[in-house]
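Participant: Encoded as structure tokens, here's the structure I'll be asking about.
There are 2 protein chains.
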Amino acid sequence: MKTLNVDLGDRSYPIHIGAGLLGRADLIRPHIPGRQVMVVSNTTVAPLYLDRLSAALDGFDVRSVILPDGEQYKTLDTVNLIFTALLEARFNRTCTLIALGGGVVGDITGFAAASYQRGVHFIQVPTTLLSQVDSSVGGKTGVNHPLGKNMIGAFYQPRVVIADIDTLNTLPDRELAAGVAEVIKYGLINDPDFFAWLEANMDAVNAREVDALSFAIERSCADKAAVVAADEREGGVRALLNLGHTFGHAIETGLGYGAWLHGEAVGAGMVMAAHLSHELGWIGDDDLDRVERIVARGKLPNRPPRGMSKARFLELMAVDKKVLDGRLRLVLMRGLCDSVVTNEFAVAALERSLDGQIAEAIDWPSA
Amino acid sequence: MKTLNVDLGDRSYPIHIGAGLLGRADLIRPHIPGRQVMVVSNTTVAPLYLDRLSAALDGFDVRSVILPDGEQYKTLDTVNLIFTALLEARFNRTCTLIALGGGVVGDITGFAAASYQRGVHFIQVPTTLLSQVDSSVGGKTGVNHPLGKNMIGAFYQPRVVIADIDTLNTLPDRELAAGVAEVIKYGLINDPDFFAWLEANMDAVNAREVDALSFAIERSCADKAAVVAADEREGGVRALLNLGHTFGHAIETGLGYGAWLHGEAVGAGMVMAAHLSHELGWIGDDDLDRVERIVARGKLPNRPPRGMSKARFLELMAVDKKVLDGRLRLVLMRGLCDSVVTNEFAVAALERSLDGQIAEAIDWPSA
Chain L
1 MKTLNVDLGD RSYPIHIGAG LLGRADLIRP HIPGRQVMVV SNTTVAPLYL
51 DRLSAALDGF DVRSVILPDG EQYKTLDTVN LIFTALLEAR FNRTCTLIAL
101 GGGVVGDITG FAAASYQRGV HFIQVPTTLL SQVDSSVGGK TGVNHPLGKN
151 MIGAFYQPRV VIADIDTLNT LPDRELAAGV AEVIKYGLIN DPDFFAWLEA
201 NMDAVNAREV DALSFAIERS CADKAAVVAA DEREGGVRAL LNLGHTFGHA
251 IETGLGYGAW LHGEAVGAGM VMAAHLSHEL GWIGDDDLDR VERIVARGKL
301 PNRPPRGMSK ARFLELMAVD KKVLDGRLRL VLMRGLCDSV VTNEFAVAAL
351 ERSLDGQIAE AIDWPSA
Chain Z
1001 MKTLNVDLGD RSYPIHIGAG LLGRADLIRP HIPGRQVMVV SNTTVAPLYL
1051 DRLSAALDGF DVRSVILPDG EQYKTLDTVN LIFTALLEAR FNRTCTLIAL
1101 GGGVVGDITG FAAASYQRGV HFIQVPTTLL SQVDSSVGGK TGVNHPLGKN
1151 MIGAFYQPRV VIADIDTLNT LPDRELAAGV AEVIKYGLIN DPDFFAWLEA
1201 NMDAVNAREV DALSFAIERS CADKAAVVAA DEREGGVRAL LNLGHTFGHA
1251 IETGLGYGAW LHGEAVGAGM VMAAHLSHEL GWIGDDDLDR VERIVARGKL
1301 PNRPPRGMSK ARFLELMAVD KKVLDGRLRL VLMRGLCDSV VTNEFAVAAL
1351 ERSLDGQIAE AIDWPSA
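Take a look at the structure:
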């Protein structure tokens, strides 16, 4: 087992990463201050892992809320379901909420924990690669509104994160790959050694080898933690974590949510960011080629989806919430594994780059 | 004008108190970082004061949401109305929400500000005495759930509070008195000089004399700020602010919300706390008499309402969220103006005190 400490002053917490952690009472019990525990999970994950987690919580007053599975349930109404369950159980402000599931369960549960009686204890038990590398660090919680994704929420830190690699064994290939997209992202932001490690070890990651997955998760979390510690409330450098995401969100919205997984859209989005950086002369042919290849080796799309026009991309990117005062800011690559947040590029370059990428658009999953 | 600084490190903010402040652009504009401003008000307050406030915001992109008036609208659905208005206006995370109204508007708007895009700027312009003395300090925001009051929310501080005494001229007498209940509370918690000042000046407060109101608001806010600064997240001494509130909440719930105003229930609740303290031998006959008289002079009920039994009181007080681990904790008086949070009293004493009080129960408003 590896343990990483996220350093946020009095909101610091450990992330435990390894196999067989779900049943480890010694890891979770010290972080539960009262007796009341509400486990929030969904209809896919609960049948697989709720019993194992509950066994580690013997002696506590443990209840559970099982949500329907899917991003479409990431709403204020679903958060209210959790409030109702907590109040029906008469849980007080010393209670603890545990999120057992992927990113959607974690985001909803974290916001419920932030808001129930103005804040109760929160523990993350992420069961997907995406949530283990992405949601474990950063404290972003929240839900969608019909007019925008992730528009409602709170910054709220868990007391502990338990990333049990064993839970990835039940994860579909396509969802594993969606998590790999975020792993690649941490290399590309500012960690060339990790990027090189991924080039050498992507087959082991795809084969779900425990050591490879553990290392990839630990390094991703450490890289993210360093960025978050420098900028907890997202004023500056934290925007680097959006590498590939402005293009990616445009793809998700353009296709309709769910057509491509978030990580798939981010995979294509990182290549699109690399293309624009190449168009601007900031990275060379070989760098661009390495980005395209690592994304493909992660079993992710490395081109935009067929059917989206340049006009549609520009329209969707302009409403992205990273736009400040009307000037589009993107995460681009000054060099390979040396990303920056910038609005210093000509719109004409963005348009040329989009033209080039759209000409090579693909269907996904490929036939 | 008086200005009080609430000292909470990097979340410190000023409270300006005085007449004619609503139109003072110089007080409000420095606290608005972007251009987008959403004023949230209600159907009672907006016709009276929205134009005056908007005039001070000339040059900003000012929109407004006008909520229905009443505690029954303090719900998650109403918060969602604000999110919808913000998203329809395409307001980004640099926007500012201004609460123009009483405690309900402030609580709802503060929670919306805490949660919109995980936190935007928030300004309080309280227009009732209750909200000027109570909601201005402490950062408690939130809404009700059908199963409990104030069960959903956040601790979230405003950038500035502007308490314009002129807005109290349109306040009904009964609502002014409800605010006076909280003013009396600050004296009774731990400020004997202020309590003596109230005994000498209650007629001037009731007559809405500007100097008397200004002083009462300033002193109440200062007393509350001192408690909050010592305990921002309500772990310990902050519970003193609940003096009269556990009895008061029982009255509000027992009668059905709205039969007695919150401040009226707190007025009677403070007398009930004094009675129990007297029963325990902690305060003398003269002290109890002074508490009963100051509450009556504040035009507030100083006895519980007719129709509530001892059993009903005990049942309702036991579910109050201040109960930790099943042992009822109350704010009681070790001496006049020397209150403590304690569970060190015999339930038998509480029952005797309730018997005595219920024997003298009253109707309110009195005929």
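Taken in order, these protein sequences are the chains called L and Z. Count the first sequence with the working numbering and you get residues 1 to 367, in order. Count the second sequence with the working numbering and you get residues 1001 to 1367, in order. Beta carbons: idealized from backbone N, C-alpha and C, even for Gly.
1. Smallest Cα separation from valine 1062 of chain Z: which of Z:Gln1036, Z:Asp1051, Z:Glu1071 and Z:Thr1044?
2. Counting pairs of Cβ atoms below 8 Å between the region 1092-1112 of chain Z and the region 1057-1073 of chain Z, do you hit three or more?
3. Which two residues bound the contiguous alpha helix (DSSP H) that contains phenylalanine 421 of chain L?
4. Contact check, leucine 86 of chain L vs tyrosine 116 of chain L under 8 Å by CB: the rounded distance?
5. Do serine 1136 of chain Z and alanine 1163 of chain Z come within 8 Å of each other at the CB atom, strictly closer than that value?
6. So with Cβ pairs under 8 Å, would you call tyrosine 1073 of chain Z a contact of chain L?
7. For alanine 239 of chain L, decide whether its Cβ has a neighbour in chain Z, counting only Cβ atoms nearer than 8 Å.
8. Where does arginine 1352 of chain Z sit, in a helix, a strand or coil, going by DSSP?
9. Note down, in chain order, all residues in the region 59-90 of chain L with a beta-carbon under 9 Å from any beta-carbon belonging to chain C.
10. Check the C-beta distance from isoleucine 28 of chain L over to alanine 55 of chain L and give it rounded, since I have them as a contact under 8 Å.
11. By how many angstroms is the C-alpha of alanine 1222 of chain Z removed from the C-alpha of valine 120 of chain L?
12. Looking at chain Z, is there any beta carbon in it that lies within less than 8 Å of the beta carbon of tyrosine 49 of chain L?
13. How big is the Cα-Cα spacing for serine 1041 of chain Z and methionine 1001 of chain Z?
14. Count the CB pairs spanning the region 1268-1280 of chain Z and the region 1327-1340 of chain Z that are closer than 8 Å, and state whether there are at least three.
15. Looking at chain L, is there any beta carbon in it that lies within less than 8 Å of the beta carbon of glycine 1119 of chain Z?
16. Considering only the beta carbon of each residue, do glutamate 1264 of chain Z and proline 1301 of chain Z sit closer than 8 Å?
17. Looking at the strands, I want to know which residues DSSP matches up with valine 99 of chain L.
18. Examine chain Z for any beta-carbon lying closer than 8 Å to the beta-carbon of leucine 314 of chain L, and answer yes or no.
19. Quick one: complete alpha helix (DSSP H) runs, 4+ long, within the region 270-345 of chain L?
20. How about tyrosine 1049 of chain Z and leucine 1021 of chain Z: do their beta carbons lie closer than 8 Å?
21. Would the beta-carbon of isoleucine 32 of chain L fall within 8 Å of that of phenylalanine 60 of chain L?
22. Within the 8 Å Cβ cut-off, does methionine 1202 of chain Z reach chain L?
23. In chain order, what residues of the same chain lie with their CB nearer than 8 Å to the CB of alanine 399 of chain L, ignoring the 5 residues before and after it?
24. With DSSP as the reference, label leucine 1004 of chain Z as helix, strand or coil.
25. Hey, is alanine 1113 of chain Z's beta-carbon within less than 8 Å of any beta-carbon in chain L?
26. Note the first and the last residue of the continuous alpha helix (DSSP H) segment covering glycine 1142 of chain Z.
27. Please name the residue, chosen from L:Tyr257, L:Asp26 and L:Met270, that lies closest to proline 144 of chain L on a Cα-to-Cα basis.
28. Helix, strand or coil, according to DSSP, for proline 1158 of chain Z in the structure here?
29. From leucine 1188 of chain Z to glycine 1248 of chain Z, what distance separates their C-alpha atoms?
30. Counting C-beta neighbours from all protein chains within 10 Å, is the total for valine 1079 of chain Z 16 or more, i.e. buried, or is it exposed?
31. Counting only runs of 3+ residues fully inside the region 15-61 of chain L, write out the beta strand (DSSP E) ranges in chain order.
32. Can you give the Cα-Cα distance for isoleucine 1358 of chain Z and leucine 1316 of chain Z, rounded to whole angstroms?
33. Using CA coordinates, which residue listed in L:Lys140, L:Thr109, L:Lys74 and L:Leu100 is at the minimum distance from arginine 238 of chain L?
34. Flag phenylalanine 1194 of chain Z as yes if its beta-carbon sits less than 8 Å from any beta-carbon of chain L, otherwise no.
35. Using a beta-carbon distance below 8 Å, is leucine 21 of chain L in contact with chain Z?
36. Mind checking which residues open and close the alpha helix (DSSP H) that includes threonine 1246 of chain Z?
Facilitator: Checking against the coordinates, here is how it stands:
1. Z:Gln1036
2. yes
3. Lying before the first or after the last residue shown, residue 421 of chain L is absent from chain L, which here runs from 1 to 367.
4. 6 Å
5. yes
6. no
7. no
8. helix
9. Although the question refers to chain C, the structure presented lacks it and instead comprises the protein chains L and Z.
10. The Cβ separation is near 11 Å, so there is no contact.
11. 28 Å
12. no
13. 24 Å
14. yes
15. yes
16. yes
17. It is alanine, not valine, that sits at residue 99 of chain L in the sequence shown. Beta-bridge pairing links alanine 99 of chain L to L:Val40 and L:Gln124.
18. no
19. 285-297 and 310-318
20. no
21. yes
22. no
23. Lying before the first or after the last residue shown, residue 399 of chain L is absent from chain L, which here runs from 1 to 367.
24. strand
25. no
26. Premise fails: glycine 1142 of chain Z lies in the beta strand (DSSP E), 1140-1145, not in any alpha helix (DSSP H).
27. It is asparagine, not proline, that sits at residue 144 of chain L in the sequence shown. Of L:Tyr257, L:Asp26 and L:Met270, the residue nearest in Cα terms is L:Tyr257.
28. coil
29. 16 Å
30. buried
31. 36-42
32. 15 Å
33. L:Lys140
34. no
35. no
36. 1245-1255
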